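For the sequence shown, our numbering begins at 674 and goes up steadily by one. Below is one structure, written out as structure tokens, with a few remarks after it.
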Amino acid sequence: MFEYDESTELYTEDLGNVIVTCDEIMDGFEELAERMADIYAARLDDIADFLIKEGISDIYGELTADEIKDALGVPTIDIGNQTVTYFDHTLDEEHIISFEYDDKELKGFMYLSIDG
């Protein structure tokens, strides 16, 4: 169940393996949040491959897909803006890693961003 977080001004649902957020709760978002948690686990290999293809090694050095998956930690999936963000990854303590996806099946990854 989504709860409003005043510090981020987002509705947040912690599902254990993912945190799902949105700025407003739309019809069907509760079910979508649960589905995204399941889909994320199934798509993690594809996410690691996307990060490698998009040049995460340019910042963090050569990494295998397994090393990336181990380092990412719990993602925050914003289902309103269709972004996946890693605030607490273990690759460093300075950067936030995020990317966009283009559908409700967590496919079509694009626009890797490493900010810090």
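Glycine is no exception: its CB is placed at the ideal position from the N, C-alpha and C atoms. The structure displayed is predicted, hence computed values, not measured ones.
Pairwise C-alpha distance: residue j and residue i
i, j, result
"Glu707", "Asp700", "14 Å"
"Leu724", "Thr756", "14 Å"
"Glu704", "Asp711", "11 Å"
"Ala715", "Asp765", "25 Å"
"Leu688", "Thr758", "15 Å"
"Val691", "Ser730", "24 Å"
"Asn754", "Gly728", "23 Å"
"Asp739", "Lys726", "14 Å"
"Met783", "Asp718", "15 Å"
"Leu785", "Phe772", "4 Å"
"Asp788", "Glu697", "25 Å"
Three-state secondary structure (DSSP) of residue i
i, result
"Glu707", "helix"
"Asp788", "strand"
"Glu767", "coil"
"Glu778", "coil"
"Phe772", "strand"
Chain-order list of residues whose beta-carbon lies under 7 Å from that of residue i (same chain, five-residue window excluded)
i, result
"His762", "Ala744, Leu745, Gly746, Ile770"
"Met709", "Val691, Val693, Ile750, Ile752, Leu779"
Cβ neighbours of residue i in the same chain (closer than 6 Å, five flanking residues each side left out)
i, result
"Glu686", "Phe675, Val693, Ala706"
"Tyr677", "Tyr684"
Exposure label - residue i; buried when at least 16 CB within 10 Å
i, result
"Ile732", "exposed"
"Tyr774", "buried"
"Thr749", "buried"
"Asp751", "buried"
#### Entry: Continuous beta strand (DSSP E) assignments of at least 3 residues falling wholly in the stretch 675-753
For the stretch 675-753, the continuous beta strand (DSSP E) assignments of 3+ residues that do not extend past its boundaries occur at 676-678, 683-687, 692-695, 749-751, in sequence order.
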